[in-house]
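Residue numbers (our numbering): 111 to 368. Beneath this line is the structure, given in structure tokens, with notes to follow.
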């Protein structure tokens, strides 16, 4: 993608070749005109990219109009499907096939002979000692085959278990951030508390309180937040001729005209 991105640097594509399809609030009011304008921009990109050569091979780009009828969106997978096929972390999302032929088609490679669990193992810091490589928090992270070798030395299923940031943060409950995001029943790890909550509803049958979209509760903090106590400002006695300003911006206004 780098050569294609380089060729489009500095190019401004017009959005209103056949007239503006937007209203004063920049919302689409004419879908047919929007498709025509989008097609005009696509043809411009096709012409630019058709002049590109990548590793000695010419690029052939053509504009293909989208189908008139809307594409059917796939069904949203339920939580049980996600638990079986998906592994999440803060820096990686893995989606693999399961072994159920009624759910997924057979794998086209023999990767399961190497990855017995079907998922990449978590990165593990290691040190090479006289008895062989061992897990050591002060060591360096190895590659895939080193991690596979060390799987017998660590029983964690948490992909972020050895992430320095996750290990350094400790919650008020005494648990690390990684432990807080791990299901206590099945051991699956989710990178956010919200994702773990949805999983626990399916795994443990726990019914959580339902929050509305307008709620703005930060998932990284506790749900119950005490009201902050704002202390009254302590004002020292003013010296002769001194002006007390409660707000520092008042002073900045007089100096810089902010």
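Where a beta carbon is used, it is the ideal one built from N, C-alpha and C, also for glycine.
What is the rounded straight-line gap between the Cα of residue i and the Cα of residue j?
{"i": "residue 199", "j": "residue 235", "result": "17 Å"}
{"i": "residue 252", "j": "residue 140", "result": "55 Å"}
{"i": "residue 274", "j": "residue 250", "result": "12 Å"}
{"i": "residue 168", "j": "residue 293", "result": "52 Å"}
{"i": "residue 163", "j": "residue 285", "result": "54 Å"}
{"i": "residue 121", "j": "residue 158", "result": "10 Å"}
{"i": "residue 207", "j": "residue 232", "result": "19 Å"}
{"i": "residue 224", "j": "residue 195", "result": "17 Å"}
{"i": "residue 268", "j": "residue 247", "result": "15 Å"}
{"i": "residue 118", "j": "residue 166", "result": "19 Å"}
For the beta strand (DSSP E) that residue i lies in, which residues bound it at each end?
{"i": "residue 197", "result": "196 to 198"}
{"i": "residue 243", "result": "242 to 245"}
{"i": "residue 203", "result": "203 to 205"}
{"i": "residue 235", "result": "235 to 239"}
With distances taken Cα to Cα, identify the nearest neighbour of residue i among the options.
{"i": "residue 193", "options": "114, 228 and 216", "result": "228"}
{"i": "residue 209", "options": "176, 220 and 300", "result": "220"}
{"i": "residue 202", "options": "122, 315 and 302", "result": "302"}
{"i": "residue 255", "options": "281, 241, 226 and 248", "result": "226"}
{"i": "residue 125", "options": "138, 119 and 207", "result": "138"}
{"i": "residue 191", "options": "212, 232 and 175", "result": "212"}
{"i": "residue 160", "options": "114, 290 and 282", "result": "114"}
{"i": "residue 204", "options": "131, 246 and 299", "result": "299"}
{"i": "residue 311", "options": "135, 189, 136 and 230", "result": "189"}
Leaving out the 5 sequence neighbours to the left and right, which residues in its chain are closer than 8 Å to residue i when beta-carbon positions are compared?
{"i": "residue 128", "result": "143, 146, 147 and 150"}
{"i": "residue 88", "result": "Outside the displayed span of the chain (111 to 368) sits residue 88, for which this structure offers no information."}
{"i": "residue 239", "result": "none"}
Excluding the 5 residues preceding and the 5 following residue i in the sequence, name in chain order all residues of the same chain whose CB lies nearer than 7 Å to its CB.
{"i": "residue 173", "result": "149, 152, 153 and 156"}
{"i": "residue 133", "result": "139"}
{"i": "residue 314", "result": "295"}
{"i": "residue 305", "result": "198"}
{"i": "residue 289", "result": "none"}
I want to check one thing, is the minimum distance from the CB of residue i to the heavy atoms of the ligand MG below 7 Å?
{"i": "residue 250", "result": "Of ligands this structure carries none, so the ligand MG is not represented either."}
Mark residue i as exposed unless 16 or more other C-beta atoms lie within 10 angstroms of its C-beta, in which case mark it buried.
{"i": "residue 197", "result": "buried"}
{"i": "residue 116", "result": "exposed"}
{"i": "residue 309", "result": "buried"}
{"i": "residue 170", "result": "exposed"}
{"i": "residue 175", "result": "exposed"}
{"i": "residue 218", "result": "exposed"}
{"i": "residue 297", "result": "exposed"}
{"i": "residue 222", "result": "exposed"}
{"i": "residue 186", "result": "exposed"}
{"i": "residue 270", "result": "buried"}
{"i": "residue 131", "result": "buried"}
{"i": "residue 281", "result": "exposed"}
Between which two residues does the alpha helix (DSSP H) holding residue i run?
{"i": "residue 158", "result": "141 to 159"}
{"i": "residue 287", "result": "287 to 290"}
{"i": "residue 117", "result": "112 to 117"}
{"i": "residue 308", "result": "303 to 313"}
{"i": "residue 259", "result": "254 to 259"}
Is there a C-beta anywhere in chain B that falls below 8 Å from the one on residue i?
{"i": "residue 204", "result": "No chain B is present in this structure, which holds just one protein chain."}
Please work out which residues of its chain come closer than 6 Å, Cβ to Cβ, to residue i, disregarding the five sequence neighbours upstream and downstream, and give them in chain order.
{"i": "residue 335", "result": "Low confidence applies to residue 335: its pLDDT is 38, below 50, so where it sits in the model is not reliable enough to give any reading."}
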